[in-house]
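With this note's numbering applied, the sequence shown covers 54 to 250.
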Amino acid sequence: MDWQNIFHWLYIAGMATGAIYFISLSRNPRGVPKYEYLIATFIPIWSGLAYLSMVLPHGDLQQGKVLVAGQIAHYARYLDWIVTTPLLLLALSLTAMHYLAKKDWTLIASLIATQVIVVVCGLIADLSTVPWVRYLWYINGVVAFLIVLWGIWNPLRAKTRSQGRQLSELFDKITTYFTVFWVGYPIVWIIGPSGFG
Numbered sequence: 054m055d056w057q058n059i060f061h062w063l064y065i066a067g068m069a070t071g072a073i074y075f076i077s078l079s080r081n082p083r084g085v086p087k088y089e090y091l092i093a094t095f096i097p098i099w100s101g102l103a104y105l106s107m108v109l110p111h112g113d114l115q116q117g118k119v120l121v122a123g124q125i126a127h128y129a130r131y132l133d134w135i136v137t138t139p140l141l142l143l144a145l146s147l148t149a150m151h152y153l154a155k156k157d158w159t160l161i162a163s164l165i166a167t168q169v170i171v172v173v174c175g176l177i178a179d180l181s182t183v184p185w186v187r188y189l190w191y192i193n194g195v196v197a198f199l200i201v202l203w204g205i206w207n208p209l210r211a212k213t214r215s216q217g218r219q220l221s222e223l224f225d226k227i228t229t230y231f232t233v234f235w236v237g238y239p240i241v242w243i244i245g246p247s248g249f250g
């Protein structure tokens, strides 16, 4: 029994359920702009498709992965993250600026661009065959990731403080979840096959 494929299929089913859920929520938007539901719906669709590429046979092509220096690099995950993590930051930013007439697009673009650096550094690290180069790219990605965390916990969070307690508390809950969940990625990377094995 291939547990990895089973978990991938469960993930794909979860992403499909999430997309359907966001579509159903968009029918009664409750003051949330429709484009935010579009963003929320697209994230699980893209992520589910990326993981689908990891379970379907592709002939001579590896299933969303490539063998580099004797270990497997799952490039389909990076194709997922290069799109979904910036969109998650966009959604988080739009939540933080919900009641503001003028959105801070410079802050939003900075967070998104820095997150792209995080993902690209991770991919290059995973594809590097020279250990010190691999860890250098990993460290660059972690530094960029810490900048993203600083951006959401400081300037982005400050934006919520002028928009009422309810939004501010909601943002803090979402950001705490976001932080705990995302901190796991660099930890798993460094202790897993890509890092120390």
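From the three backbone atoms N, C-alpha and C, an ideal C-beta is built for every residue, glycine too.
Once the 5 residues before and after residue i are set aside, which same chain residues still bring their CB inside 7 Å of it?
| i | result |
| --- | --- |
| W99 | D133, V136 and T137 |
| V195 | P239 |
| H151 | Q216 and L220 |
| Y90 | F75, L78, S79 and P82 |
| A197 | T167, I170, V171 and C174 |
| L143 | I92, I161 and I165 |
| P208 | L160 |
| K155 | none |
| R187 | A178 and S181 |
What does the Cβ neighbour count give for residue i, buried or exposed, with the cut at 16 atoms within 10 Å?
| i | result |
| --- | --- |
| P139 | buried |
| L153 | exposed |
| N218 | Here residue 218 is Arg; the residue named in the question, Asn, does not match the sequence. The residue is exposed, with fewer than 16 neighbouring Cβ atoms inside 10 Å. |
| T182 | exposed |
| T229 | exposed |
| G101 | buried |
| L141 | buried |
Leaving aside the five residues before and after residue i along the sequence, list all residues of the same chain whose C-beta is less than 8 Å from its C-beta, in chain order.
| i | result |
| --- | --- |
| I243 | Y191 and F249 |
| D113 | Bear in mind that the predicted position of D113 carries a pLDDT of just 48, short of 50, making it unreliable; the figure below should be weighed with that in mind. Taken in chain order, the list of residues that qualify is empty. |
| T94 | A72, F75, I76 and S79 |
Under 7 Å between the Cβ atoms of residue i and residue j?
| i | j | result |
| --- | --- | --- |
| L220 | T213 | yes |
| A129 | S106 | yes |
| P97 | A72 | yes |
| F224 | A149 | yes |
What does a CB cutoff of less than 6 Å around residue i pick up in its chain, not counting 5 residues either side in sequence?
| i | result |
| --- | --- |
| G175 | G194 |
| A103 | A129, L132 and D133 |
| G204 | L164 |
| A211 | none |
With residue i and residue j assumed to form a contact (beta carbons below 8 Å), what rounded beta-carbon distance in angstroms separates them?
| i | j | result |
| --- | --- | --- |
| S146 | I170 | That belief does not hold up - the Cβ atoms of S146 and I170 are roughly 17 Å apart, past 8 Å. |
| W62 | V108 | 6 Å |
Whole alpha helix (DSSP H) elements within the segment 54-92, 4-residue minimum: 56-79
Suppose only complete runs of 4+ residues qualify. What are the alpha helix (DSSP H) ranges in the segment 144-201, listed by chain order? 158-180
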